[in-house]
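Going by the working numbering, the first residue of the sequence shown is number 1207, and it counts up by one from there.
Read through the structure below, which is laid out as structure tokens, and then see the notes.
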Amino acid sequence: MPKEKDYYKILGVSKNATKDEVKAAYKKLAKQYHPDLNKSPDASEKFKEINEAAAVLGDDSKRAQYEQFGTAGEQSQQGFSGFDFSDFMSESGNFGFDFDSIFENFFGGSQRSRRRQRGSDLRYDLEIELEDAAFGSAKTINIPRLEECGRCSGTGAESKSDIVACDECSGKGVTTRTQRTPFGLFSTTAACRKCRGQGRYIKKGCPECSGKGVIRKTRKIEIKIPAGATDGTNLRVQGEGEAGERGTDAGDLYIVIHVKPHKIFSREGNDIYVKANIPFTTAALGSSIEVPTLKGKASLKIPEGTQSNTIFRMKGLGIPDLHSHHVGDEKVEVIIAVPEKLTKKQKQLLEEFEKESKGKKGLFW
């Protein structure tokens, strides 16, 4: 059976078009042919036609029926159920009537309007020492935020009897209205303006919070720094953001970690680096030296003949990995220190050493 109308052609999309492509095509054509914007004689009919096409191609069952039988039935001309235009209708501008209101009934817009907002998330930048990052620690911080009013328990009312059902919407939170559009008469629902979709309002507000249900306070919160934290690590503390509207969930607190530079160690990944000055005799003859670590002092064996800038690895004395059981190392770079002043005896000994060294291969041999 031949199709009565080619909905693909009407919207200018291919037969393999996705719902997103159908939405995009509809949005473009709706702006172009809406009668309030387009004054041509056939604009109204064209606008009705593209809505009919979008209603069919945007619904899986109607689209399948259309593909098989050439028609989507009478319902295709009566509604847009199953095809959510609400995410871009608000961008279409004011065309003489409210797109969102027209489609509220189909897509549950009234329920979305009544949904109260959760509290705002907060961010706190926390500076810590390298040792805190290595072993973990607990820090107490002060957070200024909106908190639930203790006097009214977040209701915003002075007493429970001051919370009454809205007489504008009979406590439903929504109002229904009928309006004429290019498609005919539409009955639509919208959030009640008096109670803002809550279904109730407050006769007398709480004097502590002025009816807002929240007050501003500074709260001390303990933050646990995990071992292995790096610069830029984000920690989420659930429910420690600002209080929500009239008893809704609080937001979250996000901690951004900043590790301060260390006076001795530098960090690369989970490894730490330190430089140690050693005398010429230690490098030449070998010995043990004491080096600093994040856990205190440790002994490091220097073999004889050690050259300057040699790096020694002290396994497992670095920083634990934040996401595994691996622990980094400490890397010790030894620098041979040349004395600035020598005693007479030291000079004599070095001169004898130099005589003993003559005849042996030099630097460029």
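Ideal Cβ positions, reconstructed from N, Cα and C, are used throughout, including at glycine.
> If you run the structure through DSSP and keep just helix, strand and coil, what is A1223?
Replying inline: coil
> Looking only at its own chain, which residues have a Cβ that is under 7 Å from the Cβ of G1522, when we skip the five neighbours before and after it?
Replying inline: V1533 and D1535
>> Using CA atoms only, rank isn't needed, just tell me which of K1237, I1429, I1542 and D1458 is closest to A1449.
In response: D1458
> Out of K1233, A1249 and A1260, which has the shortest C-alpha to C-alpha gap to D1212?
Replying inline: A1260
>> Checking the sheet assignment: what are the DSSP bridge partners for I1431?
In response: S1343
>> I'd like to know if the segment 1220-1234 and the segment 1255-1272 are in contact, where contact means that at least 3 CB-CB pairs between them fall below 8 Å.
In response: yes
>> Given a cut-off of 7 Å on the beta-carbon distance, is the pair G1419 and C1372 in contact?
In response: no
> What residue range is occupied by the uninterrupted alpha helix (DSSP H) comprising I1216?
Replying inline: Y1213 to L1217
>> With distance defined between alpha-carbon atoms, name the residue in I1517, A1340 and G1411 nearest to D1437.
In response: A1340
> Tell me which same chain residues have a C-beta within less than 6 Å of the C-beta of A1482, skipping the five on either side of it?
Replying inline: V1497, V1538 and V1540
> Which ranges does the beta strand (DSSP E) cover as unbroken runs of at least 3 residues, wholly within the segment 1324-1376, from first to last along the chain?
Replying inline: 1328-1334, 1343-1354 and 1369-1371
> When you compare each of Q1554, I1484, I1525 and K1550 to V1544 by their alpha carbons, which one comes out closest?
Replying inline: I1484
> Three or more beta-carbon pairs under 8 Å between the segment 1367-1384 and the segment 1405-1412, yes or no?
Replying inline: yes
> If we count Cβ pairs, one from each stretch, closer than 8 Å, do we get three or more for the segment 1239-1248 versus the segment 1217-1229?
Replying inline: no
> Can you give the Cα-Cα distance for Y1239 and G1218, rounded to whole angstroms?
Replying inline: 14 Å
>> Counting C-beta neighbours from all protein chains within 10 Å, is the total for E1558 16 or more, i.e. buried, or is it exposed?
In response: exposed
> Cα separation between K1221 and Y1214?
Replying inline: 6 Å
> By how many angstroms is the C-alpha of E1364 removed from the C-alpha of R1357?
Replying inline: 8 Å
> Where does I1470 sit, in a helix, a strand or coil, going by DSSP?
Replying inline: coil
> Helix or strand or just coil, what does DSSP make of I1517?
Replying inline: strand
> So what does N1483 bridge to, in DSSP terms?
Replying inline: I1541
> Taking Cβ to Cβ, would you say T1582 is nearer than 7 Å to R1329?
Replying inline: Nothing about residue 1582 can be reported from this structure: the residues present for the chain run from 1207 to 1571 only.
>> I need the straight-line Cα distance from H1464 to G1342, nearest angstrom please.
In response: 14 Å
> Span of the alpha helix (DSSP H) holding L1555?
Replying inline: K1550 to S1563
>> Short of 7 Å in beta carbon distance, which residues of its chain neighbour T1488, apart from the five on each side in sequence? Order them along the chain.
In response: I1495 and I1508
> On the three-state DSSP scale, how would you describe L1491?
Replying inline: helix
>> Pop quiz: G1434 and L1528 are said to be a contact at Cβ under 8 Å. What is the actual Cβ separation, rounded to whole angstroms?
In response: 4 Å
> Cα separation between A1456 and K1426?
Replying inline: 16 Å
> If you count every other CB in all the chains shown that lies within 10 Å of the CB of F1486, and 16 or more means buried, which is it?
Replying inline: exposed
> Are the Cβ atoms of K1410 and D1368 separated by less than 7 Å?
Replying inline: yes
> So is K1209 buried or exposed if we call it buried at 16+ other beta carbons inside 10 Å?
Replying inline: Confidence at K1209 is low in this model, with a pLDDT of 48, below 50, so the placement of that residue should be treated as unreliable; the coordinate-derived value is given next. Exposed: under 16 other Cβ atoms inside 10 Å.
> In its own chain, which residues sit with a C-beta less than 8 Å from the C-beta of F1570, not counting the 5 before and 5 after it?
Replying inline: With a pLDDT of only 47 at F1570, under 50, the local geometry of the prediction cannot be trusted, and no value is derived from it.
> G1475: which of T1439, I1429 and A1344 sits nearest, CA to CA?
Replying inline: T1439
> Taking the C-alpha atoms as reference points, what is the distance between A1490 and L1555?
Replying inline: 15 Å
> Which whole runs of the beta strand (DSSP E) in the segment 1406-1455 are 3 residues long or more, in chain order?
Replying inline: 1406-1408, 1420-1431 and 1440-1443
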